[in-house]
Structure formats: C-alpha cells, structure tokens
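Heads up: the sequence shown begins at 575 in my numbering, then just goes up one per residue.
Working notes for the structure below.
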Amino acid sequence: MTSQTILSVDSITKRFGAVVALRDISMTIEAGEITGLVGDNGAGKSTLVKLISGVLRQDGGTLAYDGQPATFTTPAQARASGIETVYQDLSLTGNMTVWANVYLGRELIKGPRFLNILDKAAMIAQTRQMLGRFAMNVPPIEAPVDALSGGQRQLIAIARAAAWGSKLILMDEPTAALGVAETQAVEEVIRGLRESGFSVLVISHNLEQVFRITDRIWVLRRGQVIGQRVTKDTHPDEIVAMITGAAAAMSGNLP
Ligand SMILES: Nc1ncnc2c1ncn2[C@@H]1O[C@H](COP(=O)(O)OP(=O)(O)O)[C@@H](O)[C@H]1O
Ligand SMILES: [Mg+2]
C-alpha cells in the first residue's frame, strides 16, 4: 500500500499547568486509512484530538494538514479546512430534530439572505439522503434527537461530520456508550467512511474493535508516542505491552 500523509504532528508538546499531557510527540495520519489511537487513561489521546481539531493550542511543535502548516485556533477553522470531530458526548442538541442537528450552525437559507428564511424542506431532504448513505436504518428525521437510541445518535453525529465536505474525521471513543448491536452498526459506518475516501482517526480502548476496523495503530503512554504498527502485522498482546509499558520493561528501557 502506498500511503500519503494527510496529517502530520511534529514535536508537539501540550501542558496543563504542571501536567505535561503531551511531550514532544510526532505521528502521522495516512490518507484513506482508519488510524487507531490507543493508550491508557490519561495518556493524552483526547488532548491530541483537541489540538488537531482546533479546540486547544499546543505549547510547542507544529501540525501540518494536507501538506500545509495547520494553525487552527478554533474548531470552526479546522472544520472549514475539512477536519470534523465526533465527540464522546456526541454534541447533539437533544430537543432539536435530527435534521436541525445535522445543519446546526450551517443552516440552509432560501430567498434573499437578509430575510434569513430557513430552507427546511431542503435540509430535511438532504439529511435523509446523507443518512441513507451511511446508515442502514435511517432514524426518523423529524424526531427530536432525545427520542433516539445512543447508536442512532452516534450515526447522526458521524453522518453530520461526513456531510460537510470534510476529508479527515476524528472520533474520540465513538462507541464507548453503545451496546453490541449499535457498536457493530457504527463500525460498519466507519468502514463505509473509508470506502468513501475519508481518512479517520479513532480513539478506542476496545482493542478488539481497534483490530476489527483500523489499518494502523498508534500507541501513546503518559504523553509520549510509543510507536505505530500496521494492524495486520501486529497482535493485541504486542499493543497491550506497548500501552502498559511491559515491552519497555522487558527491554530494560523503563520510561
Ligand atoms: N483541561 C485540562 N486541564 C488540566 N489537565 C488536563 C486537561 N485535559 C487533560 N488534562 C490532563 O492531561 C492528561 C491527558 O489527558 P487526556 O488527553 O484526556 O487523556 P486520555 O484521553 O488519553 O485519557 C491527563 O493527565 C489529564 O488529567
Ligand atoms: Mg480521552
């Protein structure tokens, strides 16, 4: 497989007061792949996603996206460049309908802009089409998000991310709150994103899932990059050893 880097992280450091959440880390995300990011609680995974998505700024180091230096200072800038993030807490608005959530902050307007009349019919039609592309069971589009299952909500959050001409989708524990069947559906959708040409970064502490869906795995431990493996060339035991530091201990290379 010849790969092309869509995002590169170069010597990034991020501190929260005295806590060094990320210490001089470098890694890449390859275009068209599903990349897994794993590590114990507190390893720095969510912090890395927040840096890439413009929620946080690094204290040192650089990011490059699509070959260009990336200096996003807000999530809106990252989104405008084609990086979408699906958060653990889903960031959907419960009392709003499915279609209103999909278009939240990017509503379609009809007629002269100054009249600010929402094009509800177009938003409903396009939401239906978008969800149909990714989800086998299209959730009711005019229902409030509160009325849907966790799995349906996650599908909507992913479909919304994919709908915006984005290239890179970041997911922080996308199935952490889901049951087995819902998790399967979301994994299907994540694979579908890759088939549609998206690049995906998935944080997960479900190693079986990581082995089911990723092409490549990066391991963080205590704010440092331990290494990367091509998924088909590694084994869960090796990844667990990298996560826990057992491999370093065996080689006498304690952190
Ligand atoms: N907003 C914050 N303020 C202070 N410390 C933080 C903040 N966010 C993360 N941290 C700390 O940074 C480290 C990495 O956290 P995080 O990126 O959430 O890890 P992970 O997602 O791998 O569990 C932890 O020690 C955590 O307590
Ligand atoms: Mg986290």
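Beta carbons are placed, not taken as given, at the ideal position from N, Cα and C, and that holds for glycine.
No experiment lies behind these values; they were computed from the predicted model shown.
Item to complete: Using the beta-carbon of each residue, find all residues closer than 6 Å to any heavy atom of ligand 1 and list them in chain order.
Response: Phe590, Val593, Ala595, Gly613, Asn615, Gly616, Ala617, Gly618, Lys619, Ser620 and Thr621
Worksheet item: So who's on the other strand from Thr833, going by DSSP bridges?
Response: Examination of residue 833 is not possible in this model, given that the chain is present from 575 through 829 alone.
Worksheet item: Got a sec, what are the start and stop residues for the beta strand (DSSP E) Trp792 sits in?
Response: Arg790 to Arg795
Worksheet item: Leaving out five residues before and five after Met575 in sequence, what residues of the same chain have Cβ atoms less than 7 Å from its Cβ?
Response: With a pLDDT of 45 at Met575, under the threshold of 50, the predicted position of this residue should be treated as unreliable, though the coordinate-derived value follows. Counting only Cβ-Cβ distances below 7 Å, and skipping sequence neighbours, we find nothing.
Practice prompt. Using 10 angstroms around the beta-carbon of Phe646, count the other beta-carbons present and answer buried if the total reaches 16, otherwise exposed.
Written response: buried
Practice prompt. Please state if the CB of Thr788 and the CB of Val719 are separated by a distance shorter than 8 Å.
Written response: no
Worksheet item: In three-state terms, what does DSSP make of Val712?
Response: coil
Worksheet entry | DSSP three-state assignment for Ala592, whether helix, strand or coil | coil
Worksheet item: Around the C-beta of Phe772, are 16 or more other C-beta atoms found within 10 angstroms, so that it is buried, or is it exposed?
Response: buried
Item to complete: Please determine, among Met670, Lys619 and Trp738, the residue with the shortest C-alpha to C-alpha distance to Ser655.
Response: Trp738
Fill in: Start-to-end residues for the beta strand (DSSP E) that takes in Leu722
Element bounds for Leu722: n/a, residue is neither H nor E.
Worksheet item: When the Cα atoms are used, what is the spatial distance from Leu767 to Ala605?
Response: 12 Å
Discussion item. I want to know whether the segment 743-751 touches the segment 614-627 - three or more CB-CB distances under 8 Å.
Written reply: yes
Worksheet entry | Minimum C-alpha distance to Asp693 - residue among Asn615, Phe785 and Lys684 | Lys684
Worksheet item: Taking DSSP as the reference, what is the three-state secondary structure of Arg680?
Response: coil
Discussion item. Less than 7 Å separating the Cβ of Asp841 from some heavy atom of ligand 2?
Written reply: The chain is shown from 575 up to 829; residue 841 falls before or after that span and cannot be answered.
Worksheet item: Can Val763 and Leu729 be called in contact, C-beta distance under 8 Å?
Response: yes
Worksheet item: Under 8 Å, do Val621 and Asp584 count as touching if we go by C-beta distance?
Response: The amino acid occupying residue 621 in the given sequence is Thr; Val does not appear at that position. Contact: no.
Item to complete: With DSSP collapsed to three states, give me the class of Val784.
Response: helix
Discussion item. Is any non-hydrogen atom of ligand 2 found closer than 7 Å to the C-beta of Asp584, if you look at the structure I gave you?
Written reply: no
Worksheet item: Bridge partners of Glu658, per DSSP?
Response: Ile743
Worksheet item: Helix, strand or coil: which one does DSSP assign to Ser620?
Response: helix
Discussion item. Taking 7 Å as the cut-off, is the C-beta of Asp640 nearer than that to any heavy atom in ligand 2?
Written reply: no
Discussion item. Is the beta carbon of Glu607 closer than 8 Å to that of Ser577?
Written reply: yes
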